[in-house]
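>
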């Protein structure tokens with residue numbers, strides 16, 4: 006038997022290496038074009054990932070369609086009007102003579118405190134519409150509506166000149182808001198203002214929250230009792246207050262003057278509150294006759310509305326003491 010691998014099945018003799026096979030020498034490479042980058046798996050119609058991506062897209066589209074269906078509500082507020090909700094806010098609006106267009110109820114009109122709401126609204130002769138709780142949930146954007154909402158015209162601000170004149174004839178106490186953008190703070194300031202005898206509130210027209218549905222709700226109806234004005238320039242408005250005989254007092258966290266000791270409480274005052282975080286703007290701060298602080302411990306600062314309420318309480322208490 007011959008040696009080597011001649012007896013192995015399938016074995017073949019190697020061809021001796023010779024010259025390289027003839028080719029084009031790459032002279033035609035410019036005419037060749039590649040297929041480009043490999044597509045993603047979900048983009049290949051034959052791939053399982055493509056089917057999964059299509060199924061997910063259909064599911065998302067179905068969910069969006071279902072959500073649109075759920076957002077339908079019978080509470081349709083007309084352009085130029087707004088919806089205020091909550092028992093206190095609605096009752097105060099009715100008592101203040103606010104023009105109410107329609108009334109929406111989702112609670113039993115004879116149940117508990119809802120009876121008080123119905124008694125306040127019934128004499129107005131305004132149509133009642135029975136709706137579901139979900140209708141009011143959607144229309145009020147999830148606010149605590151307590152089963153009642155009314156459609157009213159947008160808040161009507163008073164002229165600043167009238168606000169100033171009326172304040173001098175009243176308690177001579179005003180509140181100015183320096184670019185407060187949170188409507189919850191605006192509503193809370195209105196509520197404190199109503200509690201402590203403030204004659205009016207004013208704020209800039211730009212970069213400042215106005216009195217809308219949220220402020221109405223938070224104010225618990227005080228927005229109907231405390232007049233408010235919007236001014237084009239807050240510094241100029243404060244200067245006009247000073248010319249009319251008001252002292253302008255700004256709230257500043259690091260001011261040396263303590264709010265419990267400042268001597269101007271009995272005088273005509275404008276209390277100026279700055280935005281939470283940034284505080285009073287530079288020009289407003291320079292316009293103030295005095296800056297006062299609230300002594301606090303263990304916290305860096307107070308919410309703007311809380312700080313305003315504390316100062317208004319202090320001023321009110323000092324005035325009551327002086328009157329006795």
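In the numbering used here, the protein residues as written are 6 to 329.
Where is the CB? At the ideal position from N, CA and C, for every residue including glycine.
1. Using a threshold of 8 Å, state whether the C-beta atoms of residue 204 and residue 172 are closer than that.
2. Strictly by DSSP, which residues pair up with residue 332?
3. Note down, in chain order, each residue of its chain lying with its Cβ closer than 8 Å to the Cβ of residue 311, except the 5 sequence neighbours on either side.
4. Among 266, 198, 117, 255, which one has its Cα closest to the Cα of residue 314?
5. DSSP three-state call for residue 128: helix, strand or coil?
6. So what does DSSP say about residue 302, is it helix, strand or coil?
7. Are residue 251 and residue 271 close, meaning C-beta to C-beta below 8 Å?
8. Compute the Euclidean distance between the alpha carbons of residue 259 and residue 129, then round it to the nearest angstrom.
9. For residue 308, count neighbouring C-beta atoms within 10 Å of its own C-beta (all shown protein chains included) and say buried if the count is 16 or more, exposed if not.
10. If you measure between the beta carbons of residue 215 and residue 235, is that distance less than 8 Å?
11. Can you tell me whether residue 133 is helix, strand or coil according to DSSP?
12. Compute the beta-carbon to beta-carbon distance between residue 179 and residue 275, rounded to the nearest angstrom, for a pair I have assumed lies under 8 Å.
13. Pull up the DSSP beta-bridge partners for residue 158, would you.
14. By the 10 Å Cβ neighbour count, where 16 or more other Cβ atoms means buried, how is residue 288 classified, buried or exposed?
15. For residue 186, which residues in the same chain have their Cβ closer than 8 Å to its Cβ, ignoring the five residues on either side in sequence?
16. Helix, strand or coil for residue 70, going by three-state DSSP, please let me know.
From the atom records:
1. On the chain shown, position 199 is the one that residue 204 refers to. On the chain shown, position 167 is the one that residue 172 refers to. Yes. Within cutoff.
2. The question about residue 332 has no answer here: the residues shown for the chain are numbered 6 through 329.
3. Here residue 311 is taken as the residue at index 306 of the chain shown, counted from 1. Answer for residue 311: 193, listed in chain order.
4. For the purposes of this step, residue 314 is taken as the residue at position 309 of the chain shown. Of 266, 198, 117, 255, the residue nearest in Cα terms is 198.
5. Numbered from its first residue, the chain shown carries residue 128 at position 123. Reduced to three states, the DSSP call for residue 128 is helix.
6. By one-based count along the chain shown, residue 302 stands at place 297. Of the three classes helix, strand and coil, the one that applies to residue 302 here is coil, per DSSP.
7. The residue you call residue 251 lines up with position 246 of the chain shown. The residue you call residue 271 lines up with position 266 of the chain shown. No, the Cβ-Cβ distance between residue 251 and residue 271 is not below 8 Å.
8. Numbered from its first residue, the chain shown carries residue 259 at position 254. Numbered from its first residue, the chain shown carries residue 129 at position 124. The straight-line gap from Cα to Cα measures roughly 51 Å.
9. The residue given as residue 308 occupies position 303 in the chain shown. The residue in question, residue 308, is exposed, as its Cβ has fewer than 16 Cβ neighbours within 10 Å.
10. Along the chain shown, read from residue 1 onward, the residue named residue 215 stands at position 210. Along the chain shown, read from residue 1 onward, the residue named residue 235 stands at position 230. Yes, the pair counts as a contact, with Cβ atoms nearer than the cut-off.
11. Working through the chain shown from its first residue, we reach residue 133 at position 128. Of the three classes helix, strand and coil, the one that applies to residue 133 here is strand, per DSSP.
12. Within the chain shown, numbered from 1, the residue matching residue 179 stands at position 174. Within the chain shown, numbered from 1, the residue matching residue 275 stands at position 270. Between residue 275 and residue 179 the Cβ distance is about 5 Å, and since that is below 8 Å, they are a contact.
13. Residue numbering aside, residue 158 sits at position 153 when the chain shown is read from its first letter. Bridge partners of residue 158: 86.
14. Your numbering for residue 288 matches position 283 in the chain shown. Counting Cβ neighbours within 10 Å, residue 288 comes out exposed, since fewer than 16 surround it.
15. Indexing the chain shown from 1 puts residue 186 at position 181. So the list reads 212, 213, 214, 280, once near-sequence residues are dropped.
16. What you label residue 70 is simply residue 65 of the chain shown in a count that begins at 1. For residue 70, the pLDDT reaches just 49, beneath the cut-off of 50, and the residue's location in the model is therefore unreliable, leaving the point undetermined.
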